[in-house]
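For the sequence shown, the residue numbers in mature numbering (1 follows the signal peptide of the UniProt record, and there is no 0) are -22 to -1, 1 to 581. Note that the Cβ used here is the ideal one computed from N, Cα and C, for glycine as well.
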Amino acid sequence: MRRSFLLLTLVLAGCSSKPQPAATRTDGKSPAQTLDPWPTAATTLRKQPDIAGMRQAVAQLTSDLANNPNAEQLPTLPPDAIQSLGEQLRLTPNEVKEVSSTTFTNLDASYVAECLILRDAVRSLDLGNHTAERRAMFGFDWVCRQVYLRYGGTLTPNGFILTQPLPPQYVLLRGYGTGLERAYTFLAVLQQLGLPGCLIGPPGREQAASQVVANGQPTKGPFWAVGAQLPDGQIALFDPWRGQPFPGPNGSIGTLAQVLANPDQLKPWRDDKNTPWDVPVDDVKAATVYAAFSFSSTTPRMKVMEQKTAADVGVNLYRNVAETLKNFGPAAKLWAPAGRQDLFCYTRVQETFLPVEDGGIDSSPKDQRLFDLVTKYHQVPTELFRPPADLTIPEVRERLQGGFFGHLQAWIFANNPREKLDRGQFNELIRAMVDLEQKLNAARDRNRATALPGNAVAGWQAQATKVYQQLSQARLPQNQADLPAAEQAVTEFWSKSGPVLQHFEDTLIVPVAAAETAYFLAACKHEQAERVSIRMHRTPPGDPARAAAEKAAKDAWAVAKDAWARHFTVAEPYLNAHPERTAHLRGLADRAARLAVNPTSGW
């Protein structure tokens, strides 16, 4: 992998693009001659809530609206409103064009797809009649379960590469991130919960950089909390770096007003010997509310789409900048670094991350874009590729590595297990993982029945060394006459390598696939137990249904506990390879074990 993507920020600073209109319809059908194209669009959003479905929906809407002059057209902002919004969010000229577009764009499709993933996640939590404070807490807990803390980058075959913050959708698909990436994701979750979200930090951070690197690691950033505004106007506080709500009186969630009035409320955090809270007291006393917006959420197009599809889809797409700031109060500020000053701030992180064809601005060559890096390796556990230590021939290791990634991609990740987990499609994911387990068990049986002789792999490695050394010598200018024969020898070597490659598949790939399969099964059982507990806590103590609800929760947690125990048994050889994830999963397993004994002890 070339290192050029490490210069992404510098590359993007010099690139430019214009809003990419949604692709025209290619199905050969005439545009629907109807005065209202929205029911068809709503059906697409409901039945196919992924990026492909969103592209289809916006392309169809664009075509239908253009070809039906009697249909209600998309509204446009007046010039003064466009200028005001551009100044508030400190947009680039290209971003102003995107906001003021009179047709849907490819960036719209990407933004709506992200909103729909988070809408599905929120719906799957089944929050029912829980208070706004509880709904915010459950949403925050969900983010912290799905995104374990791993500082500053993306795993690739070449190691852990430092990257900038990602959009929420891709943080979730990757499954890990920084506290700032958790904050971005929680802001997007709050939007789907219908609760205004904000960031909390010291004064003067309106244009602060989203991420500052010190000693090779990203720092906490310009903010120290995420706030969720409750219906009474209070702002409940959450720390995505600690993974905890702020402490409040009598076990409640701490609010901004309480922390300002009594900074000692945070003394338990400051006195924590393992992870002391390090925000200066003066910063807390001067805490400032900062609203943050994805600029895609501010367009009139999103307001119309949200309204027109509300009955069938029910996704929150639009945010009003002026109204949000007003509701936060006169002291609230707007976090929106200017133009190219911060390409990865919340305002434009999605546009910066995505390639041009998806509505973004990254015009780097394919396979050198951050998007390609993340989407290619975001789920495959690259650190678990463990060929024999004495197999040192680069070409052979690369070929085995390609097989490692290819098999795991085909067996597990082509089915988007992480997205199914995020959307709450547990039964579908469990069926897929159980089916895969059966196939992996068959592979183990095959390996036992057809085990290679003890010296077969050693002989194969010796032959590999021989033919590749001959090839290396033949590539020298003075030995060009030997090159065809050397290349033919390599070809013949690989053509006869089937049994050894099958051995490597069974010994290098099948165990890793089994470990990942056990992980997804345990994660599904854990998330199902969380939802049973959420339903239990909707039933107040003393209610005749409470006893049955507690038993259901206890049983669900027992299943989750056993699933985690099985995962740790199957994955035992690989646990040290990613200590951050292992520590995170052990925390989830401990929670399952505790609640399997007493399901009421987790709140």
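For residue i, the nearest candidate out of the options (CA to CA)
{"i": "residue 592", "options": "Q142, S62, Y296, D98", "result": "Absent from the structure is residue 592, since the part of the chain shown begins at -22 and ends at 581."}
{"i": "M411", "options": "R401, R396, N425, R422", "result": "R396"}
{"i": "A501", "options": "R516, A367, R569", "result": "R569"}
{"i": "C176", "options": "S342, E465, F164, A239", "result": "F164"}
{"i": "E483", "options": "V435, P462, V510", "result": "V435"}
{"i": "Q243", "options": "N252, K251, Q466, I231", "result": "I231"}
{"i": "G337", "options": "V90, N48, L23", "result": "V90"}
{"i": "V149", "options": "Q124, I60, N46", "result": "Q124"}
{"i": "A87", "options": "F322, T22, A49", "result": "T22"}
{"i": "R375", "options": "N45, W247, T443", "result": "T443"}
{"i": "Q212", "options": "P174, A491, G292, G432", "result": "P174"}
{"i": "G179", "options": "E159, L168, P200, S188", "result": "P200"}
{"i": "R409", "options": "A496, Q38, R128, E92", "result": "A496"}
{"i": "G182", "options": "A161, A427, P278, D261", "result": "D261"}
{"i": "K354", "options": "L486, N46, A392", "result": "A392"}
{"i": "A418", "options": "Q346, A493, Q448, E470", "result": "The sequence shown places Leu at residue 418, not Ala. Taking only the C-alpha atoms, the option nearest L418 is A493."}
{"i": "L171", "options": "E465, R97, P254", "result": "R97"}
{"i": "S475", "options": "A452, L430, A187", "result": "L430"}
{"i": "T469", "options": "V488, N457, Q448, I487", "result": "Q448"}
{"i": "L332", "options": "N405, N576, V352, W202", "result": "V352"}
{"i": "G226", "options": "R426, K245, S274", "result": "K245"}
{"i": "H385", "options": "N425, Q480, L573, F546", "result": "Q480"}
{"i": "R364", "options": "P372, E373, D350, Q379", "result": "Q379"}
{"i": "G205", "options": "E465, Q222, A549", "result": "Q222"}
{"i": "A288", "options": "L13, A567, P17, N228", "result": "P17"}
{"i": "L348", "options": "Q26, V327, R33", "result": "V327"}
{"i": "D533", "options": "P145, E159, L573", "result": "L573"}
{"i": "L234", "options": "A467, W202, T253", "result": "W202"}
{"i": "V167", "options": "L151, P146, E184", "result": "P146"}
Beta-bridge pairing of residue i - partner residues as DSSP gives them
{"i": "Y154", "result": "Y126"}
{"i": "V204", "result": "L177, F216"}
{"i": "L312", "result": "A269"}
{"i": "I231", "result": "P225"}
{"i": "D340", "result": "P333"}
Range of the contiguous beta strand (DSSP E) that encloses residue i
{"i": "T266", "result": "266 to 269"}
Residue range of the alpha helix (DSSP H) that includes residue i
{"i": "N46", "result": "Segment: none, N46 is in no alpha helix (DSSP H) and carries neither H nor E."}
{"i": "Q506", "result": "488 to 514"}
{"i": "S62", "result": "57 to 67"}
{"i": "V257", "result": "Taken as a continuous stretch (DSSP letters only), V257 belongs to no alpha helix (DSSP H), as it is neither H nor E."}
{"i": "I390", "result": "Taken as a continuous stretch (DSSP letters only), I390 belongs to no alpha helix (DSSP H), as it is neither H nor E."}
{"i": "Y89", "result": "84 to 102"}
{"i": "Q466", "result": "461 to 473"}
{"i": "E528", "result": "524 to 548"}
{"i": "I408", "result": "404 to 427"}
{"i": "Y446", "result": "434 to 452"}
{"i": "D250", "result": "It is not in any alpha helix (DSSP H) - D250 carries neither H nor E in the DSSP assignment."}
{"i": "residue 600", "result": "Summary: the structure shown does not reach residue 600, with the chain confined to residues -22 through 581, and so no result is reported for it."}
{"i": "A300", "result": "299 to 306"}
{"i": "L479", "result": "476 to 482"}
{"i": "G172", "result": "Careful: G172 lies outside any alpha helix (DSSP H) and carries neither H nor E."}
{"i": "V282", "result": "278 to 286"}
{"i": "H108", "result": "Counting along the chain, H108 falls outside any alpha helix (DSSP H), and DSSP gives it neither H nor E."}
{"i": "E558", "result": "557 to 575"}
{"i": "P27", "result": "Element bounds for P27: n/a, residue is neither H nor E."}
{"i": "K198", "result": "No alpha helix (DSSP H) contains K198, which DSSP labels as neither H nor E."}
{"i": "D400", "result": "395 to 401"}
Within-8 angstroms CB hit, residue i to chain C
{"i": "P218", "result": "The chain inventory of the structure shown lacks chain C, comprising one protein chain alone."}
Cβ-heavy atom distance, residue i to the ligand GDP, below 7 angstroms
{"i": "H515", "result": "With respect to small molecules bound, the structure shown includes none, and the ligand GDP cannot be examined in it."}
Counting Cβ pairs closer than 8 angstroms, one from the stretch 498 to 518 and one from the stretch 538 to 558, do we hit at least three?
yes
Would the stretch 114 to 124 count as touching the stretch 51 to 60 if we require 3 or more Cβ pairs under 8 angstroms?
Output reads no: the stretch 51 to 60 does not touch the stretch 114 to 124.
Count the CB pairs spanning the stretch 368 to 385 and the stretch 304 to 311 that are closer than 8 angstroms, and state whether there are at least three.
Segments in contact, no.
If contact is defined by three or more beta carbon pairs under 8 angstroms, each pair taking one atom from either stretch, is the stretch 556 to 574 in contact with the stretch 512 to 523?
no
Within 8 angstroms, do at least three Cβ pairs link the stretch 385 to 404 to the stretch 91 to 102?
yes
Flag this pair as touching only if the stretch 104 to 115 and the stretch 201 to 219 have three or more C-beta atom pairs under 8 angstroms; answer yes or no.
yes
Cβ contact check for the stretch 280 to 288 and the stretch 224 to 240: 3 or more pairs under 8 angstroms:
no
For the stretch 67 to 87 and the stretch 24 to 42, state whether three or more C-beta atom pairs, one from each stretch, are separated by less than 8 angstroms.
yes
Quick check: the stretch 263 to 278 against the stretch 300 to 308, are at least 3 beta-carbon pairs closer than 8 angstroms?
yes
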